[in-house]
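See structure below.
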């Protein structure tokens, strides 16, 4: 089973490299998580100056807490989610209000969303 996994990983790496994708090897911390600061520095060294991250709640919270975001767009829909389904709520409101300032609020006429830009 382990040999099969190694073959699959090797095949995926080869395929990505053929497509011109740059792979960066990185260590993980004691919780088996990627060091985001290292990853962002590596991207910067590769000439990437702008990055759009559409993360889940945990990634977003981590990036906000560690001040790895210089501009944050918060989209809020006027639609209500069904009560009978499990949803992951956005839990970083307090971090945004405490560590960032509202730059502007925009109302989207297309989807009736409210977009708040924090900086």
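Residue numbers (my numbering): 491 to 609.
For each residue, glycine too, the CB sits at the ideal point set by N, CA and C.
Just so it is clear, the structure is predicted and the values come from calculations on it, not from any experiment.
*Could you tell me the distance, in whole angstroms, from the CA atom of residue 565 to the CA atom of residue 592?*
So the two alpha carbons sit approximately 13 Å from each other.
*Using three-state DSSP, classify residue 501 as helix, strand or coil.*
In the structure shown, residue 501 sits in a helix (DSSP, three-state: H, G or I).
*asked:* Since residue 562 and residue 586 should fall inside the 8 Å C-beta cutoff, what is the C-beta to C-beta distance between them, to a whole number of angstroms?
replied: About 7 Å separates the two Cβ atoms, so the contact holds.
*asked:* Less than 8 Å between the beta carbons of residue 516 and residue 554, yes or no?
replied: Going by beta carbons, residue 516 and residue 554 fall outside the 8 Å limit.
*Indicate the three-state DSSP secondary structure (helix, strand or coil) for residue 534 in the structure shown.*
Note: residue 534 maps to helix in three-state DSSP.
_Three-state secondary structure assigned by DSSP to residue 593_ = Under the three-state reduction of DSSP, residue 593 is assigned to strand.
*asked:* Helix, strand or coil for residue 550? Go by DSSP, reduced to three states.
replied: In the structure shown, residue 550 sits in a helix (DSSP, three-state: H, G or I).
*Reference residue 530; option with closest CA among 509, 556, 522 and 510*: Cα-wise, what sits closest to residue 530 is 556.
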